[in-house]
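Heads up: the sequence shown begins at 5 in this note's numbering, then just goes up one per residue. Here a beta-carbon is modelled for each residue, glycine too, at the ideal position from N, C-alpha and C. Since we're looking at a predicted model, the values are computed, not measured. Down below is the structure, laid out as structure tokens.
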Amino acid sequence: NHEGRVQIANLAFIKRTGYSTEELIDQPITNLTLFESTPASALNDDLQCDKPDYAIETILKTKQGERIDTAISYCSLRDKSTQAPIGTVLILRDLSEQKRSRKALEQEKNLNEALLKAIGSMGEGVAILDTKTLKFLYINEAISKIYGYNEQELFSQSSILDLIVPQDIYRLRARLQQGNGEHHFPDH
């Protein structure tokens with residue numbers, strides 16, 4: 005409500021936090037220790053201001069002490085006739101899985117970069133191509149030496165086919181299509 009007291013908590017919120025309806029309803033948000041990285045008083049100040057829709061990321065603490073990465077979106081609830089603020093609607097979204105996925109993706113990216121660097125340090129040419137356009141997505145220094153172009157020049161090519169002598173393009177296309185099923189590659 006406009007005093008910063010919890011009026012309604014849905015079942016999903018109650019289950020996720022471990023608090024009962026009785027422990028939440030009519031409590032000032034400043035008395036609840038739900039948010040670890042955003043003090044309840046700061047959240048309450050934000051809720052009292054007249055900001056339009058607003059969102060923050062914080063850590064939600066459950067009654068059992070579990071820490072949950074959370075996005076809180078909130079907006080003012082207004083009286084229909086006077087448009088005066090009468091409360092605030094908070095929507096909490098669990099970001100745990102999203103953050104785990106992002107971290108796993110970052111670890112995989114770092115591993116791939118390390119592998120590519122290791123292969124490149126052995127003097128082997130490594131290139132990663134877009135499967136539709138055959139444009140370079142990644143090249144190592146050895147590829148630059150093999151083709152005699154710098155990195156910028158290679159990335160500006162319309163496809164790797166621009167660098168292949170005409171008599172070898174047919175064999176390269178056949179080999180690429182063998183590894184990629186029925187995918188058809190550009191003719192240029």
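Two segments are said to touch when three or more pairs of C-beta atoms, one from each, lie closer than 8 Å; by this definition the segment 86 to 97 does not touch the segment 112 to 127.
In this structure, DSSP gives Y78 an extended state, which the three-state scheme calls strand.
Residue range P89 to D98 is occupied by the beta strand (DSSP E) that includes T92, with no alpha helix (DSSP H) assigned at that position. Secondary structure of K65 (DSSP, three-state): strand. In the structure shown, the three-state DSSP call for A13 is coil. In chain order, L158 and L167 place their CB closer than 8 Å to the CB of Y151, counting only its own chain and leaving out the 5 sequence neighbours on each side. In the DSSP annotation of this structure, the continuous segment of the beta strand (DSSP E) that includes Y142 starts and ends at F140 to I143. Note: P32 is bridge-paired with R9 in the DSSP secondary-structure output. Within the same chain, and ignoring the five residues on either side of G124 in sequence, the residues whose Cβ sits closer than 8 Å to its Cβ are V130, N144, E145 and A146.
Taking C-beta separations shorter than 7 Å and ignoring five residues to either side along the sequence, the partners of F17 in its chain run L96, following chain order. Judged by DSSP in its simplified three-state form, I123 adopts helix. L64 and I72 have their C-alpha atoms spaced approximately 5 Å apart.
At the C-beta level, Q11 and I33 stay beyond 8 Å of one another.
Distance from the Cα of S80 is smallest, within the candidate group Q171, N5, K67 and D172, for N5. In this structure, DSSP gives D134 a state outside helix and strand, which the three-state scheme calls coil. Look at I168 here: in three-state DSSP terms it is coil, with no helix or strand label.
Boundaries for E70: no alpha helix (DSSP H) harbours it, and the DSSP string shows neither H nor E there. Burial is judged here by how many other beta carbons sit within 10 angstroms of a residue's own beta carbon; I132 has fewer than 16 and is exposed. 8 Å or more divides the Cβ of I164 from the Cβ of L141. In this chain, Q161 is not harboured by any alpha helix (DSSP H), its DSSP state being neither H nor E.
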